[in-house]
Each structure stands twice: as C-alpha cells, then as structure tokens.
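Participant: According to the working numbering, the sequence shown holds residues 4 to 267 in order. All C-beta atoms in this analysis are idealised placements derived from N, C-alpha and C, irrespective of residue type, glycine included. Here the structure is a predicted model, which means the values were calculated and not measured.
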Amino acid sequence: MVVAILFWILGFIVFNGIGVINWNFLTTAPTDGMTGGGIFPAIVGTLCLIAGSSIVAFPLGIFSAIYTSEYADNNGWFVKFIRIMTNNLGSIPSIIFGLFGMALFVNTLGFGDSIIAGSLTLGLLTLPLVIRTTEEALKAVPDTFRIGSLALGATKLQTVYKIILPSAFPNIITGLILAIGRVSGETAPILFTVAAYFLPKLPQSLSDQVMALPYHLYVIATSGTDLEATRPIAYGTALVLIMIVLLMNLLASFIRKKLKKQYD
Numbered sequence: 004m005v006v007a008i009l010f011w012i013l014g015f016i017v018f019n020g021i022g023v024i025n026w027n028f029l030t031t032a033p034t035d036g037m038t039g040g041g042i043f044p045a046i047v048g049t050l051c052l053i054a055g056s057s058i059v060a061f062p063l064g065i066f067s068a069i070y071t072s073e074y075a076d077n078n079g080w081f082v083k084f085i086r087i088m089t090n091n092l093g094s095i096p097s098i099i100f101g102l103f104g105m106a107l108f109v110n111t112l113g114f115g116d117s118i119i120a121g122s123l124t125l126g127l128l129t130l131p132l133v134i135r136t137t138e139e140a141l142k143a144v145p146d147t148f149r150i151g152s153l154a155l156g157a158t159k160l161q162t163v164y165k166i167i168l169p170s171a172f173p174n175i176i177t178g179l180i181l182a183i184g185r186v187s188g189e190t191a192p193i194l195f196t197v198a199a200y201f202l203p204k205l206p207q208s209l210s211d212q213v214m215a216l217p218y219h220l221y222v223i224a225t226s227g228t229d230l231e232a233t234r235p236i237a238y239g240t241a242l243v244l245i246m247i248v249l250l251m252n253l254l255a256s257f258i259r260k261k262l263k264k265q266y267d
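#1: State yes or no: is the C-beta of residue 255 within less than 7 Å of the C-beta of residue 197?
#2: Should residue 44 go down as buried or exposed, given a rule of 16 or more other Cβ atoms within 10 Å for buried?
#3: Expressed to the nearest angstrom, what Euclidean distance is found between the alpha-carbon atoms of residue 176 and residue 225?
#4: Comparing alpha-carbon positions, which option in 260, 239, 257 and 249 lies nearest residue 26?
#5: Three or more C-beta pairs under 8 Å: does that hold for the region 47-57 against the region 96-105?
#6: Look up residue 198 in the DSSP assignment and give the residues it is bridged to.
#7: Quick one: measure Cβ to Cβ for residue 171 and residue 143, integer angstroms, because I've assumed they're closer than 8 Å.
#8: Give the single residue among 253, 145, 188 and 241 whose Cα lies nearest to the Cα of residue 168.
#9: Under 8 Å Cβ to Cβ from residue 181, same chain only, skipping five residues before and after it: list those, please.
#10: Is there contact here, the region 230-247 with the region 16-24, by at least three beta-carbon pairs under 8 Å?
#11: Taking residue 12 as part of the alpha helix (DSSP H), name the residues at either end of that continuous run.
#12: Excluding sequence positions up to five away, which residues of its chain have a Cβ less than 7 Å from the Cβ of residue 148?
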C-alpha cells in the first residue's frame, strides 16, 4: 500500500509536469509575470541553500554526535540533557525556525535577507536530525572494534578517526541525505530569511537573496498573476524538485556502497 501511494503521487506529478520540462525551462529565468520562461534561478538558489546549510549542520552535528556517543558519559545528566534538548529542537515547527532566523540572523546580526541567513536557519533546522542519525550510526559499530583498537595501542582520537568513523560513515550518509531532503523542501524558514518572490538573476555573493524551488512553487500555485497559466509550471517545478532529491539519494547510495565495500 505504501509503495502504491508513492507511485500514485509520483505518477500524478510526472503526468502533469513532464510536458513543461525542457532545456529552456531548466536554463532560463521566469518571464511574463512568471507565466513563462523557466526556473533556473530557483534551481541555483535551492542548491546554494542546500550547500550552505550542509556546511553549517554537518560538521557541528557529526562532532556533537561523536562527543555524546564516544566521549561523554552516556548515563550522565549532561548527555541526557543534550538528548532531551535535541529531541525538543527536532519537534519545533519549521516556521518557528524561520521567525527565529529572521530575529537573530536577519535583524540582530544584520545579515539581512541573504543566503547566509537562510543557510544558518536551515542548518539549525536539520541539526537535530544529523545528530541523532549520526549517533545511531556510531552506536551500530561493534564495541569489539573500539576494544581491539585501544588494545593495540591506538589513542581514543585515533580509534574514533580511523576505526569508528569509517565503519559508521555509510550509515551517517543516510542521515545526511535525509537532512538534505528536508532542506530542499522547506518553505517557511526561507520565507523569512532569504527567499525572493521574483528575482530573475543569479546570486553574486552570500549576502544576496535568491529564488528557491519550494517558495517559487508556493508562489505560482497560490498567488501568481494567472493561476491557470502557471499551473503546468507549478507541476514542472515540483517534478524538478523531486528529481533533485532523487539524484542526491542516488549519489548518496552510490557513495555508501563504495564505502561499505571499502571497509567491509
């Protein structure tokens, strides 16, 4: 039933959106009040936000998980407190992150509506997911790996860096891709921090606003100048967004298989 529902949704999007997918649609900017042209600036903006939020969330999340899993006392109050706060952070609605990002990064720190503000906000949004999935990946590594490494004279840092992380990395990749998938589809956080209604040019710096596929899809589906004319474009935008997430998942699966063969 789950597979049937998935294919029904994908089939509906493909059937309604495939007609507008062409080279011009993928490589040009919107025109005629977004009733024509393409979505290239929105694609570039989405990729910029994915890259920016990954730079923020991945190192911080992985290092946090290493600390709580490998260094801290798992039965101590501090680690329990961190995990409770991480779970609470992960359950906060995304629009709250958007308001927080606007208050802190846009207004207080003076970044304005920019790629920096949007990336930091999305990085905080995905941080709990990265931490928890990385923790689970580290816990899945057998303790015999740790004991054997330490028994042979390796330091704790060497054990983590050369034994545990390589063994856990294929599973860590899964969590990172889940985080990327969430970032690519979020609208509320970027609405307040970075997304532009109509900006038919590419960003020149990290302080620029950008168009993004989720917000562009929302705009042309709900408040465009001609909803009937933009409906096929909306389906095409949704299809492109799904294709980006699918390609990233395929790339992650390829990397995971390569790493698993290397360390098995």
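Facilitator: According to the structure shown:
#1: The answer is no: Cβ separation not under 7 Å.
#2: Residue 44 comes out buried.
#3: Spanning the two alpha carbons is a distance of roughly 35 Å.
#4: Closest option to residue 26, Cα to Cα, is 239.
#5: No, the region 47-57 is not in contact with the region 96-105.
#6: Bridge partners of residue 198: 213.
#7: Yes, residue 171 and residue 143 are in contact; Cβ-Cβ is about 7 Å, under 8 Å.
#8: Taking only the C-alpha atoms, the option nearest residue 168 is 145.
#9: 132 and 136, listed in sequence order.
#10: Result yes; three or more Cβ-Cβ pairs closer than 8 Å.
#11: Start and end: 5-20.
#12: Cβ within range, chain order: 166, 167 and 170.
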